[in-house]
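Participant: If you read the protein sequences in the order shown, they are chains A and B.
Positions 2 to 488 (the numbering used here) are the ones given, in order, by the first sequence.
Positions 619 to 1039 (the numbering used here) are the ones given, in order, by the second sequence.
Glycine is no exception: its CB is placed at the ideal position from the N, C-alpha and C atoms.
Quick caveat: nothing in here was measured; it's all calculated off a predicted structure.
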Amino acid sequence: MPDQLHALIPRLREICGDDGVVTDPMGRRTYASDGIPYHAADPGVVVLPTSTAQVAAVLRLCADNGVPFVPRGAGTGLSAGALPRTDGVLVVTSRMRRILEIDTANERAVVEPGVANLDITRAAAPHGYYYAPDPSSQQVCTVGGNIAENSGGAHCLKYGFTVHHVTGLVVVTPSGDTVRLGGKAAEAPGYDLIGAFVGSEGTLGIATEITVRLTRAPQKVSTVLAAFATMDAGGAAVSAIIGAGVLPAAVEMMDALSIEAAEAAVACGYPPGAGAVLIVELDGPTADVDAQFAEVTRMCREAGAFEVRTATDAAERARIWKGRKSAFAAVGRISPAYIVQDGVVPRTALPRVLRRIAELSAESGIRVANVFHAGDGNLHPLVLFDDTEPGAEERAAEVSGRILDLCIEAGGSITGEHGVGIDKACHMPAMFSADDLAAMDLFRRAFDPLGIANPEKLLPTPRLCGERPRVAKGAHPLVAEGRAELF
Amino acid sequence: MTSEDGPAGTDPVAADLRAAGARVRGGTPGDAIAGRVPRYVAAPADGAAAGALLAAAARHGLASVPRGNGTKADWGAPPLRCDLVVDTTDLTGIDHAAGDLVAAVGAGTPVADLAAVLAAAGQRLSADPVVAGSTVGGLVATGLSGPRRTLHGPLRDLTIGMTTVRADGTPASSGGRVVKNVAGYDLAKLHTGALGTLGLITSVTFRLHPLPAAVRAVSATAAAPATARAWRHAVAASTTAPTGVELDWPADGPLTLRVLLEGAEDGIEARAAEVAALLPGAATTAAPPPGWAALPGAPGATLLKAAVPPDAAADAAAGVRAAAAAAGTAADVRGSAAAGVLFAALPAGADGAAAAGAVDGARTAVAALGGSLTVPHAAPPLREHGVDLWGEVPGLALMRAIKDRFDPGRLLAPGRFAGGI
C-alpha cells in the first residue's frame, strides 16, 4: 500500500468506524474483481460507509489528498467498472441498504444505493406496483450500481432503462460536496444532471439516495415460446412482429448451441430440433394483450414456427423463461471457457450480422452461442473455447473483438447494457471520434477536475489501450451459487 | 429581410462567416433575441458548415444565439450578448430507418415535416407539438414535452443520439442510432432544454413508435381540485395504461381532466369504459380536441412551468391560479397531471409587477408541494420589470462547471440560462 494511502487509514476509521474499514490483505482480496474475474486488482483500502455524510467525508479526504476512489455495489457488473485501484479507496455501498420510502400516491420509491434492485419490487408489489428495470442479476445487483451502469434488462424494450425511471438523486461529487438533484417531481430546473449522471459508471461521484419511479403492474401478461428450424426464420418473425406495430415487453432469442447448453444445465424442455427459440412477452390491458397475442402467434406460424407454446400464469411463464435465464451460466456445461460479449445492432441488421458471426465462427473454428434481446438488437454472443488448447484463447478474443467490429459497422454500439468500464474503454475510439471523446472528457472534468473518480474507466487512456481484451473462465461466484443470473 | 448583399456584404467578418459555408446577412430588428439585435444572421448549409461557422465566430469573438423558426427565440433570460444569430433552417433532412423505428433529423427540420414523413410509414415521434411551427432543434433546445410523456416519457427519453457543435466549432456526437446503448456519457441529456448554452444542436436521432390503431379521449369536468386529484390517482392506480392524463384549467373556465387512450381497436372501448367509470360524468370521444397538447395561453404569453410530485398536480394548478389572481392577473393552466408537470400562461400584456407577483406567489405555492417553478418565457413587461426565471437551482455549481468546460469564452447565448450561465 502506498504510504500516502496508509496515512489516511486512521482518518477513514474515524469516518466509517473500525468495522467500516477493511485493510487486511485477505479481506481486501474479496473485492478484487466484479462480474469479470479476469480483471482483478486488490484495493488499497476498502470502506463501507453507512450514510451520505460518511461518503462525503471519505470523498473529501480523497480529494484533499489526491487519492483515487472506485465505487462498488454488489460487484455484479460485467465491464470491470468496479475494478479497484491498488493505490486507492474502494467505496462499497453494501451497508447503505435501507428502503426509505414507498410512496404509491406519487408512484415513487426512495432508497439507499445498496438496496438490491428486486427488493424495490418486493416492497412495492403489495401495492400493485413494481420497479421496471430488471437486469438479470436483479436479485443481488444494487440500485446504486444500476444508476452507474444505466442498467436495462429483458423488459427494457418497452419500459426503458434505469435513466427513464430516476427522478431524484443525492450525489456526493468527487470533491466531497453533497448535491440534491431532483426529487419526486419529474423535472428539476437547469441542465438535466440526473439524466447525464445515470450511466456515468462511477466517474462523476456516488449516488447516496435515489428516488425512482414505480410502475403499475399490468392487467395481463402473456408469454409465447416459438420454435423455428433456423435463426433466419426466427428473425423473420421478429421483423414481422415489430413491423406490425406491436411493442412487446420482451423479445428474446436463443440459437441451437445455447438451447443445447440450457437443456444440459436445467432441462428446460424446449422443442427438440429447434434451430432457434423465440420468447415474446406481451403485457398491458387485457384486451390489448389478447389481440396482440393472437397476432404474434399467427406471425410466428407464418414465419415457420413448428411449435408455439403459450403461458398465461406465473408458473407457466417461469418454465418458458427458465432456459433463457439459465443460458449464460449453462454455457459452462458445454465449454471449458468462454467470453461473454455485449453489442447492439439495428434490429434490421440482425440476420446479416448473425450470419457474419456464424461465418466468423466457421472460419476460426471457435464456437459462438447466441442468446440475445432480439427486440432491440442487443446481442450477447458467448464465444466458447478450450483454454487448455494452445492459441484458443487468443483466437476467441479475436472473434469476440471482430463481433464488436461488426456491431459498429452495422451502425450499432459496443455495449447495450454492460457498460464500458475498463473492459471496453479501448473500443470507444472505434465508435466515437477523438472530438466526441474530448467533449465527453470535458464533461467528466467538470465533475472531477482532479481525475480521481474511477480513473481509467469509460474513456480510453494511452496507458490502458495497448492491452488486448481478456477472457472469462467459469461462472461468476454468485452465478455458480445460483444467487444471480447474468445479462 | 435584407439581401445577402446588404450591410454585411462587404464586411470582412461577414466574409469569414460566409467562407464557412453559410448564407450571411446583416441582422434586423426582426432578428432581435429578447431585444438584442444581432449584427449578423448566418445560416450554415450543413453540419460541417455549422462547425466552420462557429469556429469563425469564435475567432472574431462573436457571441452566438441559435434560432430555428424563431417560435421560442425570446425564451430564457435575454442573452448578455448576441452578435450572431445562427439560423438553423438549412440544417434539414430526415433519415428515417422505418424498420428500426429510428430517425436522424437535421435540427432545422420543422417538427410538422418530420411528423408527415413518419406518418406515411405508420410511425410517429411520440412528442407532442406543444408549440406550433417549431423546428426539431428548437423543440429539443427548449426541452418541451406534452401529454404523451405519460406513456412514452419526456422528449429526452425519445432522444437516442445527438450531434452538436461546441463554441469553438468542434463537432461532438453522443449516443447513436440504436435505442439500447450505454457507450459513453449521454451528452444529449445536457443539451436537451439547455437553450443552446452548451452547443449548437445540428442533428438529433429519435426513437419512434408505431401510430396507434385506435384512439379515445375520456374527459370530465371536476368541481374542485380535490376531485381532480382523486381522479388522477384513480387513473394512475388503474391498469388502463393511458398515453396521457392532461389537466386543463383555463382562467375563465372549469377544470377538465382528459385521459388519452391508444392501442388496439379490439380493446379500446373496454378501456375507455373502464376510465369513464372512474370519472363521474365523463364523455368519451374518438379524439382529443384540437390543440389539447399545446401550451396554454396565446402566443407571446408569459409561461410558467411547475414540476411537482404527481399527486400534487391538481393542488399546484390551484395554487398557481390563486397566486395569479392574488397578484391581479390570471393564469390559464394546462399540463400533464400524470407526470406532475404543468404550464401556466399569464397574458403577454399583464402588468410587469403583477406578473412578477404571480411568479413569486406561484413559486411559493409549488415549493410547498415539494416542487419547483421556472419561467421559460417572460413577456416584455415582466422582463422589463425584472423576475427570477429559475428560482433555486440545486446543482448550479456543477452546471457552471459544465458551461465553463464547454464554452470557456461564454460565446453561446451567454446569460440566457439559469444562474447567468
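1. Does the Cβ of A/Ser434 have 16 or more other Cβ atoms within 10 Å, making it buried, or fewer, making it exposed?
2. Within 8 Å of any Cβ in chain A, is that where the Cβ of B/Thr760 sits?
3. May I ask you to list, following chain order, the residues of the stretch 862–891 of chain B that have a beta carbon less than 7 Å from some beta carbon of chain A?
4. Ignore the nearest five residues each way along the sequence and tell me which others in A/Glu385's own chain have a CB closer than 6 Å to its CB.
5. List, from N- to C-terminal side, the alpha helix (DSSP H) runs of 4 residues or more that fit wholly inside the stretch 202–253 of chain A.
6. Quick one: any contact between the stretch 217–230 of chain A and the stretch 174–188 of chain A, if contact means 3 or more CB pairs under 8 Å?
7. Let me know the secondary structure DSSP gives A/Glu390 once reduced to three states.
8. Hey, does B/Met1017 have any beta-carbon neighbour from chain A nearer than 8 Å?
9. Does A/His165 come within less than 8 Å of chain B when only Cβ atoms are used?
10. Mind checking if A/Asn107 is an interface residue toward chain B, Cβ cutoff 8 Å exclusive?
11. Are the stretch 691–698 of chain B and the stretch 707–717 of chain B touching, with three or more C-beta to C-beta distances below 8 Å?
12. In chain order, which alpha helix (DSSP H) runs of at least 4 residues are fully inside the stretch 943–1004 of chain B?
13. Can you round the beta-carbon distance between B/Val893 and B/Gly989 to whole angstroms, since I take them to be within the 8 Å contact cut?
14. For B/Ser682, which residues in chain A fall below 9 Å Cβ to Cβ?
15. Report the neighbours of A/Asp193 on chain B: residues whose CB is nearer than 8 Å to its CB, in chain order.
16. For chain B, check one thing: does any of its Cβ atoms lie closer than 8 Å to the Cβ of A/Ile415?
17. Provide the residue span of the alpha helix (DSSP H) that contains B/Ala919, from first to last.
18. Is A/Ala208 closer than 8 Å to A/Gly115 when the C-beta atoms are compared?
19. So, for B/Arg850: in the same chain, excluding its five sequence neighbours on each side, which residues have a beta-carbon less than 8 Å away from its beta-carbon?
20. When DSSP labels each residue in this structure, what does B/Leu762 get in the three-state scheme?
21. Between which residues of its own chain and A/Arg357 is the CB-CB distance below 6 Å, once the five residues before and five after are set aside?
22. What's the C-alpha gap between A/Ala463 and A/Pro430?
23. So A/Asp65 is in the alpha helix (DSSP H); what residue range does that whole segment cover?
24. Just the C-alpha distance for B/Gly771 and A/Leu248, rounded to the nearest angstrom, thanks.
25. Using a C-beta to C-beta distance shorter than 7 Å, which residues of chain D count as neighbours of A/Leu62?
26. So, at 8 Å on beta carbons, what are the nonlocal neighbours of A/Phe198 in its own chain, with the 5 sequence-adjacent residues on each side left out?
27. According to DSSP, is A/Tyr271 part of a helix, a strand, or is it coil?
28. Suppose you measure from the CA of A/Gly389 to the CA of B/Gly717; what does that come to, to the nearest Å?
29. Please state if the CB of A/Ala228 and the CB of A/Pro190 are separated by a distance shorter than 8 Å.
30. Give the DSSP bridge partners of A/Thr311, in chain order.
31. In its own chain, which residues sit with a C-beta less than 8 Å from the C-beta of A/Leu60, not counting the 5 before and 5 after it?
32. Is there a Cβ from chain B that is less than 8 Å from the Cβ of A/Glu418?
33. Can you pull out the residues from the stretch 776–803 of chain B whose beta carbon lies closer than 7 Å to at least one beta carbon of chain A?
34. So what's A/Val23 in DSSP terms, helix, strand or just coil?
35. Enumerate in chain order the residues of its own chain whose CB-to-CB distance from B/Arg1052 is below 8 Å, with the five nearest sequence positions on each side excluded.
36. Measure the beta-carbon distance from B/Thr902 to B/Arg834 and round it to whole angstroms, keeping in mind my assumption that it falls under 8 Å.
Facilitator: In brief:
1. Sequence index remark: in the first sequence, residue 434 of chain A carries index 433 (1-based). So A/Ser434 counts as exposed.
2. Locating residue 760 of chain B in the second sequence gives position 142, counting from the first residue. By this cut-off, B/Thr760 is not an interface position.
3. Residues Gly881, Ala882, Asp884, Gly885, Ala888, Arg889.
4. If you number the first sequence from 1, residue 385 of chain A lands on position 384. In the sequence under discussion, the amino acid at residue 385 of chain A is Leu, which differs from the Glu named in the question. Setting aside the 5 residues that flank it on each side, A/Leu385 is surrounded in the same chain by Ser336, Tyr339, Arg368, each with a C-beta closer than 6 Å to its C-beta; the list follows chain order.
5. Listed in chain order, they are 232–244.
6. Segments in contact, no.
7. The residue labelled residue 390 of chain A in the question sits at position 389 within the first sequence. In this structure, A/Glu390 counts as coil in the three-state DSSP scheme.
8. Counted from its first residue, the second sequence places residue 1017 of chain B at position 399. Output row for B/Met1017: interface = yes.
9. If you number the first sequence from 1, residue 165 of chain A lands on position 164. Using beta-carbon distances, A/His165 counts as an interface residue toward chain B, with a partner under 8 Å.
10. Sequence index remark: in the first sequence, residue 107 of chain A carries index 106 (1-based). So yes, A/Asn107 belongs to the interface.
11. Between the stretch 691–698 of chain B and the stretch 707–717 of chain B there are fewer than three inter-stretch CB-CB distances shorter than 8 Å, so the stretches are not counted as touching.
12. Taking only runs of at least 4 residues, the alpha helix (DSSP H) segments lying wholly in the stretch 943–1004 of chain B are 970–986, 998–1003.
13. Stepping through the second sequence from its first residue, residue 893 of chain B is reached at position 275. Stepping through the second sequence from its first residue, residue 989 of chain B is reached at position 371. Contact flag wrong, Cβ pair sits at about 26 Å.
14. On the second sequence, position 64 is the one that residue 682 of chain B refers to. What B/Ser682 touches in chain A: nothing, since even the nearest Cβ is about 17 Å away.
15. Here the question's residue 193 of chain A lines up with position 192 in the first sequence. Ordered by position in chain B, the residues that pass the 8 Å Cβ test against A/Asp193 are Gly761, Arg774, Lys807, Leu808, Thr810, Gly811.
16. Taking the first residue of the first sequence as position 1, residue 415 of chain A is located at position 414. So, interface residue.
17. Here residue 919 of chain B refers to the residue found at position 301 of the second sequence. No residue range can be given for B/Ala919, since it is assigned to no alpha helix (DSSP H) and is classified by DSSP as neither H nor E.
18. Here residue 115 of chain A corresponds to residue number 114 of the first sequence, with the count starting at 1. Here residue 208 of chain A corresponds to residue number 207 of the first sequence, with the count starting at 1. Not closer than 8 Å, so no.
19. Along the second sequence, read from residue 1 onward, the residue named residue 850 of chain B stands at position 232. In its chain, beyond the 5 residues on either side, Val863, Leu865, Leu875, Pro928, Asp929, Ala931, Ala932, Ala955, Ala956 have a beta carbon closer than 8 Å to the beta carbon of B/Arg850.
20. Along the second sequence, read from residue 1 onward, the residue named residue 762 of chain B stands at position 144. Correct three-state label for B/Leu762: coil.
21. On the first sequence, position 356 is the one that residue 357 of chain A refers to. Only Leu407 meet the Cβ criterion.
22. The sequence position of residue 463 of chain A within the first sequence is 462, counting from 1. The sequence position of residue 430 of chain A within the first sequence is 429, counting from 1. Reading off the sequence, residue 463 of chain A comes out as Pro, not Ala. Those two C-alpha atoms are separated by around 12 Å.
23. Residue numbering aside, residue 65 of chain A sits at position 64 when the first sequence is read from its first letter. Start and end: 53–66.
24. The residue given as residue 771 of chain B occupies position 153 in the second sequence. The residue given as residue 248 of chain A occupies position 247 in the first sequence. Distance between the alpha carbons of B/Gly771 and A/Leu248 is about 15 Å.
25. The structure shown has no chain D; the protein chains it does contain are A and B.
26. The residue labelled residue 198 of chain A in the question sits at position 197 within the first sequence. Sequence-distant partners of A/Phe198 (beyond 5 residues in either direction) whose C-beta falls short of 8 Å from its own C-beta, in its chain, are Ile148, Leu170, Val172, Leu182, Leu205, Gly206, Ala208.
27. Here residue 271 of chain A refers to the residue found at position 270 of the first sequence. If DSSP states are grouped into helix, strand and coil, A/Tyr271 belongs with coil.
28. Taking the first residue of the first sequence as 1, we reach residue 389 of chain A at position 388. Taking the first residue of the second sequence as 1, we reach residue 717 of chain B at position 99. The identity of residue 389 of chain A in the sequence shown is Thr, whereas the question assumes Gly. Computed Cα separation, rounded: 44 Å.
29. Locating residue 190 of chain A in the first sequence gives position 189, where the first residue counts as 1. Locating residue 228 of chain A in the first sequence gives position 227, where the first residue counts as 1. In this structure, A/Pro190 lies away from A/Ala228, with their beta-carbon atoms at least 8 Å apart.
30. The count along the first sequence starts at 1 and reaches residue 311 of chain A at position 310. Partner(s): A/Val225.
31. What you label residue 60 of chain A is simply residue 59 of the first sequence in a count that begins at 1. Correct list, in chain order: Phe70, Val92, Val173, Thr174, Pro175, Ser176, Gly177, Gly206, Ile207.
32. Mapped onto the first sequence, residue 418 of chain A falls at position 417. For A/Glu418, the answer is yes, since a Cβ of chain B falls inside 8 Å of its Cβ.
33. Here the close residues are Arg784, Thr788, Pro789, Ala790, Ser791, Ser792, Gly794, Arg795, Val796, Val797, Lys798, Asn799, Val800, Ala801, Gly802, Tyr803.
34. Translated into positions along the first sequence, residue 23 of chain A becomes position 22. Annotated three-state conformation of A/Val23 is strand, per DSSP.
35. The question about residue 1052 of chain B has no answer here: the residues shown for chain B are numbered 619 through 1039.
36. Here residue 902 of chain B refers to the residue found at position 284 when the second sequence is read from its first residue. Here residue 834 of chain B refers to the residue found at position 216 when the second sequence is read from its first residue. 6 Å between Cβ atoms; contact.
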